[in-house]
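Residue numbers (our numbering): 59 to 322. See structure below.
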Ligand SMILES: [Zn+2]
């Protein structure tokens with residue numbers, strides 16, 4: 059086994075064996091509303107996974123942003139929620155750096171007008187770069203994390219893109235266990251993607267963020283946000299979509315203990 063792999067395994071074991079700082083749960087819950095809905099077992103698991111994740115990433119504050127413990131915990135907890143039920147995940151090892159901006163940042167975007175291409179800066183809340191870093195606006199991380207029931211969460215969205223990228227393509231299909239699972243995934247996702255496009259073009263209200271109609275990659279990312287934040291509503295209006303996501307993520311957010319007492 060290569061030395062670096064051995065070193066990483068040793069480091070992970072050492073991190074996992076250390077007790078979790080007592081103030082972490084409260085500090086995480088401040089910016090991540092879903093945390094308190096999890097079972098105690100899932101909270102403990104999340105704290106361990108995110109500790110490894112946070113230690114292995116390079117964190118960088120941009121445009122004057124200070125990246126302290128609260129920022130790292132808020133982002134790490136939300137990203138690692140996605141990993142809780144995925145066997146053999148690698149702690150998002152392909153994401154080397156996390157660049158945090160205080161607010162939305164400007165990204166150049168190309169706009170075509172006939173043969174002319176205009177480059178215009180547009181504000182962005184999050185960007186997942188293939189084989190590169192993730193960029194996040196802290197203001198949007200907090201807004202998305204604190205409101206845990208509106209189906210909008212920029213960290214879940216961007217890290218869903220990284221799960222999607224694990225097979226080398228951004229096509230809305232992360233690595234799946236079996237051929238049967240893949241066939242079911244493709245059938246349900248294709249149907250639901252077209253359903254969103256049609257509803258959106260007809261001007262109808264949709265549970266899923268209409269941004270998901272852009273392409274199958276965006277569809278998977280917005281479906282992930284909805285699955286964790288509005289699972290009851292997804293189960294009722296998109297039961298097949300809920301089931302394939304439940305199978306992939308190995309989680310059942312509609313049944314989380316914190317949700318038993320409320321209707322969402
Ligand atoms: Zn996206």
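For every residue, glycine included, the Cβ atom is placed at its ideal position computed from N, Cα and C.
C-alpha distance - residue i paired with residue j, whole-angstrom precision
i           : j           : result
residue 221 : residue 292 : 21 Å
residue 322 : residue 175 : For residue 322, the pLDDT reaches just 48, beneath the cut-off of 50, and the residue's location in the model is therefore unreliable, although a value from the coordinates is still provided. Approximately 45 Å between the Cα atoms of the pair.
residue 84  : residue 90  : 10 Å
residue 285 : residue 60  : 38 Å
residue 279 : residue 270 : 7 Å
residue 180 : residue 162 : 9 Å
residue 102 : residue 237 : 33 Å
residue 159 : residue 119 : 6 Å
residue 246 : residue 70  : 37 Å
residue 81  : residue 200 : 19 Å
residue 253 : residue 140 : 25 Å
residue 192 : residue 116 : 11 Å
Residue burial classification, residue i (beta-carbon count within 10 angstroms, cutoff 16)
i           : result
residue 235 : exposed
residue 233 : exposed
residue 307 : buried
residue 79  : exposed
residue 205 : exposed
residue 311 : buried
residue 68  : exposed
residue 63  : exposed
residue 157 : buried
residue 194 : buried
residue 277 : buried
Residue i beta carbon near ligand 1 (any heavy atom closer than 7 Å)
i           : result
residue 224 : no
residue 239 : no
residue 183 : no
residue 276 : yes
residue 279 : yes
residue 215 : yes
residue 219 : yes
Expected contact under 8 Å - CB spacing of residue i and residue j to nearest Å
i           : j           : result
residue 99  : residue 93  : The pair is not a contact, with the Cβ atoms about 13 Å apart (cut-off 8 Å).
residue 129 : residue 196 : 6 Å
residue 275 : residue 228 : 4 Å
residue 211 : residue 287 : 6 Å
residue 317 : residue 142 : Between residue 142 and residue 317 the Cβ distance is about 16 Å, and since that is not below 8 Å, they are no contact.
residue 209 : residue 283 : 6 Å
residue 97  : residue 314 : 7 Å
residue 113 : residue 73  : 6 Å
CB contact check: residue i to chain C, cutoff 8 Å
i           : result
residue 103 : In the structure shown, chain C does not exist; there is a single protein chain.
Tell me, please, whether the stretch 91-108 touches the stretch 136-154 by the rule of three or more beta-carbon pairs shorter than 8 Å.
-> Judged by pairs of C-beta atoms under 8 Å, the stretch 91-108 touches the stretch 136-154, as three or more such pairs exist.
Does the stretch 182-201 come close enough to the stretch 212-220 that 3 or more CB-CB pairs lie under 8 Å?
-> With three or more CB-CB distances shorter than 8 Å, the stretch 212-220 counts as touching the stretch 182-201.
Is the stretch 250-268 touching the stretch 282-301 in the sense that three or more CB pairs, one from each, lie closer than 8 Å?
-> Contact holds: three or more Cβ-Cβ distances are below 8 Å.
Is it true that the stretch 162-174 meets the stretch 124-142, where meeting means three or more beta-carbon pairs spaced less than 8 Å apart?
-> Fewer than three beta-carbon pairs drawn from the stretch 162-174 and the stretch 124-142 are found closer than 8 Å, and the two stretches are therefore not classed as touching.
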